[in-house]
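*Asks:*
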Amino acid sequence: MTTLFELHNVLYQLQHGVRHGRSCETQLLELTTTLQANLNATAQTDLVIMDFSKAFDTVCHNLKLLAKLDFY
């Protein structure tokens, strides 16, 4: 499925989850690099953290979801 997402450019470019060659570690490295650069430049940094780890469990798994997946 990830190959399909990559092929159709479905995923946001900065997303690290479910992407080949990216992980939580690469996301944290990018975040700390950005935070350090903004700190050095005395730039304002806003950070919003969301946990979607159980998001798929709450999706109604009916034909609408399958139809959306079939679209890609």
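Position 1, counted from 1, in the sequence shown is what my numbering calls -9; the numbers after and before it change by one each time, with no gaps. No residue lacks a Cβ here, since even glycine has one placed at the ideal position from N, Cα and C.
In the segment -3 to 53, which residue ranges form an unbroken alpha helix (DSSP H) of at least 4 residues, counting only runs that do not cross its ends?
*Replies:* Runs found: 14 to 30.
*Asks:* Taking just the CA atoms, how far does A27 sit from A33?
*Replies:* Straight-line Cα distance between these residues: approximately 8 Å.
*Asks:* Select from D60, F61, S43 and D47 the residue whose C-alpha is nearest the C-alpha of C14.
*Replies:* C14 has its Cα closest to that of S43, out of D60, F61, S43 and D47.
*Asks:* Looking only at its own chain, which residues have a Cβ that is under 8 Å from the Cβ of L29, when we skip the five neighbours before and after it?
*Replies:* Here the set comprises T35.
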